[in-house]
Amino acid sequence: MSTRPPRKLEAIVGFFLPPACREEVLGDLHERYTGRLQYTFLAIRVVPCVIVSRIRRTADARVLLMEALLIYASYLTAAWYTERTLLIDQWGFYRLAIPAILAVAFMMLEDAWAPVRERSPLRLTGEVAVGMLFAFLWMVRALPDTLNLVGASASLLLVSTVKILFRPQIDKPHAATGPAAWDDPAVALRDTKSIYAFVAAIVLIVISLASTPKNAPLFVIVALVLWMGFTRARKE
Amino acid sequence: MAKPDSLGQFEQLLLTAILTLREDAYGVSIHAKATELAKPKDVSLGAVYVTLDRLEDKGLVSSRLSDPTPERGGRAKRCYQLEALGERALQESAETAKRIWDVTTEIWGKEWAKVPRKRWGKEIA
Chain A
1 MSTRPPRKLE AIVGFFLPPA CREEVLGDLH ERYTGRLQYT FLAIRVVPCV IVSRIRRTAD
61 ARVLLMEALL IYASYLTAAW YTERTLLIDQ WGFYRLAIPA ILAVAFMMLE DAWAPVRERS
121 PLRLTGEVAV GMLFAFLWMV RALPDTLNLV GASASLLLVS TVKILFRPQI DKPHAATGPA
181 AWDDPAVALR DTKSIYAFVA AIVLIVISLA STPKNAPLFV IVALVLWMGF TRARKE
Chain B
1001 MAKPDSLGQF EQLLLTAILT LREDAYGVSI HAKATELAKP KDVSLGAVYV TLDRLEDKGL
1061 VSSRLSDPTP ERGGRAKRCY QLEALGERAL QESAETAKRI WDVTTEIWGK EWAKVPRKRW
1121 GKEIA
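If you read the sequences in order, they're chains A and B. The opening residue of the first sequence carries number 1 in the numbering used here; numbering runs sequentially from there. The opening residue of the second sequence carries number 1001 in the numbering used here; numbering runs sequentially from there.
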């Protein structure tokens, strides 16, 4: 009997494992190999745990929530200008939330499967583009084309900005002798403040667009809140 | 200096396994040691990976990739080692466990204390 797992089986398991932990997990499974069936069952039990752990390490719930809100706000605004009937439809608001859920889930997996190295702003924007393309294609039949296109484009612009400002945690390795980023009160406080400022600004944008585009003073307030929130967060 | 968080039972098991295994603490060996320590409970390899990641995020352990070995199909091991914060957290947990042991033995008597010792001895053998 062979003492090593079949290459095809290993390749399949390796495909599902995030690259950051593929090497050691495949090695461990190889070491525990006693038979094809045992290997398969062990892999089925281990791989989901590894994926969940990787997602937990790379995903930041606050940034994800911010991205989801931005995508939802973009689609709502696009609906206001292109397809207002959707906003008074019984399920309209729920339908407009689907792209946000899909895109955020896709981007979360992209972060987990990303290679362990510094990612350039261009690469981060590319990842957002792929996520938005996924949501766009998924919603092709469910939403009018213009709305879908405008919503996805606006989301791409806003979410890629957020992604560059709040880099995924894979780019900030944790110090072995210090607390993790989310356990560090200074970091947590700074992030929370900037996120509050950002969310407040987005809410104001949506309200001002929804009320009347002529409402210029409100736009000025929005710009001020955005500017103050970010500069203050950066200084801290 | 940072104060370590209190540890869960499974975290204590893994830290103890890493402490025992020293240089040879990696996924499979930690799992084997944790299974031995957790008897009669079963320990899943997936749970070991999840908890090791969490311990690393908390700064209690650190990891490095070793050289590839042929018995692992030419793949490297991720070796773990206890950090100062992890050692302190484990010491605190051991002290708490010792205090619990002392109090329960005092209340339930020395005869009771012999029962788990016998059972552990039998299971380990």
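Quick reminder that beta carbons are idealized off the backbone N, C-alpha and C, glycines included. Here the structure is a predicted model, which means the values were calculated and not measured.
Between A:163, A:46, A:86, A:5, which has its C-alpha nearest residue 34 of chain A's C-alpha?
A:5
Between the alpha carbons of residue 167 of chain A and residue 1047 of chain B, how many angstroms are there, rounded?
28 Å
Report the neighbours of residue 1044 of chain B on chain A: residues whose CB is nearer than 9 Å to its CB, in chain order.
45, 46, 49
On the DSSP bridge assignment, give the partners of residue 1061 of chain B in chain order.
B:1082
Chain A contacts made by the segment 1002 to 1033 of chain B, where a contact means CB separation under 9 Å:
1002, 1005, 1026, 1027, 1028, 1031
Among A:36, A:65, A:32, which one has its Cα closest to the Cα of residue 1072 of chain B?
A:32
Hey, is residue 1077 of chain B's beta-carbon within less than 8 Å of any beta-carbon in chain A?
yes
May I have the straight-line CA-CA distance separating residue 173 of chain A from residue 165 of chain A, to the nearest angstrom?
Any reading at residue 173 of chain A is ruled out, since the residue's pLDDT is 46, under 50, leaving its predicted position unreliable.
C-beta contact flag for residue 154 of chain A and residue 99 of chain A at 8 Å:
no
Those residues which DSSP pairs with residue 1075 of chain B across a bridge
B:1069
Outcome for residue 1006 of chain B when other beta-carbon atoms lying within 10 angstroms are tallied against a minimum of 16
exposed
Between which two residues does the alpha helix (DSSP H) harbouring residue 135 of chain A extend?
121 to 138
Locate the alpha helix (DSSP H) running through residue 1023 of chain B, then write down its first and last residues.
No alpha helix (DSSP H) contains residue 1023 of chain B, which DSSP labels as neither H nor E.
Taking residue 1078 of chain B and residue 1026 of chain B to be in contact with their CB atoms under 8 Å, please state how far apart those CB atoms are, rounded to whole angstroms.
6 Å
Candidates A:79, A:38, A:17, A:58: closest to residue 149 of chain A by CA position:
A:79
When you compare each of A:81, A:104, A:103, A:76 to residue 92 of chain A by their alpha carbons, which one comes out closest?
A:76
With 16 as the cutoff for other CB atoms within 10 Å, does residue 28 of chain A come out buried or exposed?
buried
Report yes if the C-beta distance between residue 1080 of chain B and residue 53 of chain A is below 8 Å; otherwise report no.
no
Short CB-CB distance (under 8 Å) between residue 1090 of chain B and chain A:
no
State yes or no: is the beta carbon of residue 1038 of chain B nearer than 8 Å to at least one beta carbon in chain A?
no
Does residue 1049 of chain B have its Cβ less than 8 Å from a Cβ in chain A?
yes
Would residue 32 of chain A pass as an interface residue toward chain B - the criterion being a Cβ-Cβ separation below 8 Å?
yes
Beta-carbon separation (whole angstroms), residue 1082 of chain B vs residue 1061 of chain B, contact threshold 8 Å
6 Å
Comparing the C-beta of residue 1087 of chain B with each C-beta of chain A, is any distance below 8 Å?
no
With 8 Å as the limit, tell me which residues of the segment 18 to 29 of chain A have their beta carbon closer than that to any beta carbon of chain B; keep them in chain order.
21, 23, 24, 25, 26, 27, 28
Can you find a C-beta in chain A that's less than 8 Å from the C-beta of residue 1067 of chain B?
no
So, residue 156 of chain A versus residue 128 of chain A, is the Cβ gap smaller than 8 Å?
yes
Taking 8 Å as the CB-CB limit, is residue 57 of chain A close to chain B?
yes
Please identify the residue among A:16, A:142, A:159, A:97 whose C-alpha is closest to the C-alpha of residue 121 of chain A.
A:159
Alpha-carbon spacing of residue 24 of chain A relative to residue 9 of chain A, whole angstroms:
16 Å
Buried or exposed: which applies to residue 143 of chain A, given that a residue is buried once 16 or more other Cβ atoms fall within 10 Å of its Cβ?
buried
To the nearest angstrom, how far is the alpha carbon of residue 1017 of chain B from that of residue 1100 of chain B?
21 Å
The segment 49 to 63 of chain A in contact with the segment 1101 to 1112 of chain B per 3-pair CB rule at 8 Å
no
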